[in-house]
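In this note's numbering, the protein residues as written are 1 to 280.
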């Protein structure tokens with residue numbers, strides 16, 4: 001069996017715990033659907049992959065049981081399932097990716113705070129690191145005084161309008177439900193209006209909740225319309241003040257914008273593209 005150090009290096013972001021068969025059975029029962037059982041061809045359970053922790057039986061050897069291969073295949077399946085969960089929501093049946101023909105420039109065309117810029121710069125750095133197909137301009141964020149004067153324009157503009165409640169209400173009253181979706185807080189109040197290339201955000205939002213919906217609006221426009229049952233995920237419905245992505249979230253975004261997927265794919269199309277098993 002590979003050493004614990006080797007396993008950690010092969011799957012960053014997970015704690016590895018070597019346990020007895022009896023303990024492994026307890027873990028399986030405790031985590032239920034939140035844990036993914038790792039099995040070999042003969043149906044023997046060799047481990048359980050849970051959020052952040054990989055439990056492995058300590059009485060097996062690598063020659064007889066290909067643990068490294070099984071970990072890789074099950075981790076890939078876990079990321080793929082998470083991607084499907086956070087991609088498909090109430091309003092979309094197919095993948096809708098950002099264009100990869102031009103670099104995106106974020107344009108704050110109304111009110112903003114210094115912290116908004118900090119949040120957006122961190123988001124840009126993260127997405128640019130995760131994506132192989134779409135990039136954001138990282139040298140600047142356009143402000144209200146910005147006037148595009150390039151011919152041809154080298155950018156795709158993504159506008160963010162942070163507005164007062166009266167203007168926000170006007171936009172909601174006039175919204176095109178086909179092209180514009182709403183984001184709500186835990187009280188059921190609409191706090192953001194999202195288009196493919198434009199986010200309208202209510203200026204009344206404060207601190208972490210404001211940052212959360214800035215990020216959520218951008219991710220929504222990039223095609224992430226769904227939710228996750230994983231409590232540590234940014235996409236978990238109750239995490240309206242969370243401003244960071246879980247490791248699983250990051251891997252799903254990396255997969256979405258890694259070049260293997262394209263706009264127009266449905267759930268079965270994603271599974272086929274990623275080599276996931278389709279269960280009828």
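No residue lacks a Cβ here, since even glycine has one placed at the ideal position from N, Cα and C.
Which residues mark the beginning and the end of the alpha helix (DSSP H) in which residue i is found?
i           : result
residue 269 : 267–274
residue 142 : Where residue 142 is concerned, there is no enclosing alpha helix (DSSP H), given that its DSSP letter is neither H nor E.
residue 169 : 165–173
residue 24  : 21–31
residue 211 : 207–221
May I ask you to list the residues that DSSP assigns as paired with residue i?
i           : result
residue 16  : 54
residue 47  : 38, 56
residue 155 : 103
Can you tell me whether residue i is buried or exposed, with buried defined as 16 or more other CB within 10 angstroms of its CB?
i           : result
residue 211 : buried
residue 231 : exposed
residue 256 : buried
residue 215 : buried
residue 115 : exposed
residue 184 : exposed
residue 272 : exposed
residue 87  : buried
residue 207 : exposed
residue 181 : buried
residue 143 : exposed
residue 90  : exposed
From which residue to which residue does the beta strand (DSSP E) around residue i run?
i           : result
residue 261 : Counting along the chain, residue 261 falls outside any beta strand (DSSP E), and DSSP gives it neither H nor E.
residue 245 : No beta strand (DSSP E) contains residue 245, which DSSP labels as neither H nor E.
residue 150 : Per DSSP, residue 150 belongs to no beta strand (DSSP E) and is neither H nor E.
residue 120 : Run containing residue 120: none in the beta strand (DSSP E); it sits in the alpha helix (DSSP H), 114–130.
residue 97  : Careful: residue 97 lies outside any beta strand (DSSP E) and carries neither H nor E.
residue 200 : 198–202
residue 184 : 181–184
On the premise that residue j lies in contact with residue i, defined as a C-beta separation below 8 Å, what is that separation, rounded to the nearest angstrom?
i          : j          : result
residue 46 : residue 38 : 5 Å
**Study point:** the segment 211–223 contacting the segment 186–200, beta-carbon criterion three pairs below 8 Å
**Key:** yes
Exercise for review: Determine contact between the segment 164–180 and the segment 130–147, defined as no fewer than three beta-carbon pairs at a distance below 8 Å.
Suggested key: no
Review point. Is it a yes or a no for the segment 258–265 touching the segment 92–103, going by three-plus beta-carbon pairs under 8 Å?
Key: yes
Exercise for review: Determine, using beta-carbon pairs with one atom in the segment 226–245 and one in the segment 101–114, whether at least three such pairs fall under 8 Å.
Suggested key: no
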